[in-house]
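Per mature numbering (1 follows the signal peptide of the UniProt record, and there is no 0), the sequence shown runs over residues -16 to -1, 1 to 270. Ideal Cβ positions, reconstructed from N, Cα and C, are used throughout, including at glycine. Reviewing the structure listed below.
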Amino acid sequence: MAHALVLLLLIHAGLCSVEENLLDEDSDLFQGDIKLTVDQKLELLSGSWSGKSSITANFWPGGVLVYHITPSLAKDMKALYAILRAMKEFEQKTCIRFKRRTNEDAYVSLFRGGGCWSHIGRTGSKQLLSLAPHCWRSGVVVHEIAHSLGCFHEHSRLDRDKYVSIKWRNIMEGWGKIKHPGSSHPILQQANMSPIKQADCKINNNIPGVQITPEMLCAGRPGSNLSGCHGDSGGPYVCQNDFGRWVLQGAVSWGSGTCDAKRIFTVFARVARFRTWMDMYIGCEY
């Protein structure tokens, strides 16, 4: 069965250093979440892995993956539940089995890191599987364990087009307005806006009855008319962290009815303040 790949392209770029949900402290990851050994990097450069769905060597003997859950994860019931549920799913649907480490040299150490990533296959010694708090869902853990078993991403397979189709009608071409009144613009818009200090935002956005709270993030260019308009026309506000990753910092927005930053800076909901709530109430298992 073909799977639809739905892409929503809403980019509002800014380079800033406000608080963020760190994805990972190590940017040297293959395909975003795979940690490679030196030998594996050489194999990758040689092209021997090109288009493959899994490695062809270094499997876990007998299909038994040896693991250790560090205290940083074991002490949190949400993390532990996600891990155990993921392992149970493997055992129910595959011949893979899991064994808690005793004195084995080769094992997977699951720990609380800065993102979701894993080594690929069995390395022959202690290998890591990182699970940050936003990774504590069984579907994410299944994904990372699959890497530890030797699986690559399905979308990197040479035959991927037989199974994955892109629904171009679901890709948004434009977003929001560039003037008010007016209709949505047919071309996707983006703007580079720096974060504005709360104190400066309160002075500039002096609107009767409207408060700038710590749950809000202001952005704009002082003296410029470059901004997000009122309503949700500003789209998401993303910032590049120290590791080169783009991180969502602001959702939706409100601002000037005339789309003029000289009058009102663009104001976003500060995502970091609501991350725990989102994970708790609107997160999904898969």
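Starting from the C-beta of residue i, find all residues in its chain whose C-beta is less than 6 Å away, skip the five residues before and the five after it, and write them out in chain order.
i: W44; result: R106
i: Q15; result: H137
i: F95; result: T54 and S56
i: V125; result: A66, I67 and A70
In chain order, what residues of the same chain lie with their CB nearer than 7 Å to the CB of residue i, ignoring the 5 residues before and after it?
i: residue 350; result: Residue 350 lies beyond the range of the chain shown here (-16 to 270); nothing can be said about it.
i: L13; result: K19 and W101
i: K110; result: Y91 and S93
i: A(-4); result: Residue confidence is low: A(-4) scores 31 on pLDDT, short of 50, so the model does not pin down where it sits. Its coordinate-derived value is still stated next. Q174, N176 and V222, listed in sequence order.
i: M264; result: none
i: G207; result: K246
i: L232; result: P220, V222 and V255
Could you give the first and the last residue of the continuous beta strand (DSSP E) run that contains residue i?
i: R153; result: Careful: R153 lies outside any beta strand (DSSP E) and carries neither H nor E.
i: W238; result: W230 to W238
i: I180; result: S178 to I180
i: G204; result: M200 to G204
i: Q224; result: Y221 to Q224
i: Y147; result: No beta strand (DSSP E) contains Y147, which DSSP labels as neither H nor E.
How is the alpha helix (DSSP H) around residue i delimited, first residue to last?
i: Y65; result: M61 to K77
i: P45; result: Note, P45: premise wrong, no alpha helix (DSSP H); not H, not E.
i: G134; result: Per DSSP, G134 belongs to no alpha helix (DSSP H) and is neither H nor E.
i: V22; result: V22 to S30
i: P55; result: P55 to A58
i: K110; result: No alpha helix (DSSP H) holds K110; the beta strand (DSSP E) holding it covers K110 to L115.
i: W261; result: V255 to Y265
Quick one: using the 10 Å Cβ neighbour count with 16 as the cut-off for buried, is residue i buried or exposed?
i: I187; result: exposed
i: G239; result: buried
i: Q24; result: buried
i: M(-16); result: Low per-residue confidence applies at M(-16): pLDDT is 41, beneath 50, and the placement is therefore not dependable enough to give any value.
i: S178; result: exposed
i: residue 277; result: The shown model of the chain, from -16 to 270, leaves out residue 277, and the question about it has no answer.
i: G234; result: buried
i: D17; result: buried
i: Y51; result: buried
i: C223; result: buried
i: L57; result: buried
i: P170; result: exposed
i: L113; result: buried
i: E138; result: exposed
i: N154; result: exposed
i: K146; result: exposed
i: P220; result: buried
i: I180; result: buried
Tell whether a beta-carbon distance below 7 Å holds between residue i and residue j.
i: S132; j: S102; result: yes
i: G108; j: A90; result: yes
i: G134; j: I67; result: no
i: A70; j: S122; result: yes
i: R257; j: E199; result: yes
In chain order, what residues of the same chain have a beta carbon less than 8 Å from the beta carbon of residue i, not counting five sequence neighbours either side?
i: E9; result: Caution applies to E9, whose pLDDT of 44 falls short of 50 and renders its modelled position unreliable; the model cannot decide the point.
i: N189; result: I196, C202, I248, F249 and V251
i: C79; result: G47
i: E88; result: V50
i: N42; result: G105, R106, T107, G108 and G134
i: T260; result: none
i: L28; result: F14 and L20
Q | Cβ contact check for the stretch 191 to 209 and the stretch 252 to 259: 3 or more pairs under 8 Å | A | yes
Q | Inter-stretch contact (C-beta, 8 Å, three-pair minimum) for the stretch 56 to 69 and the stretch 116 to 127 | A | yes
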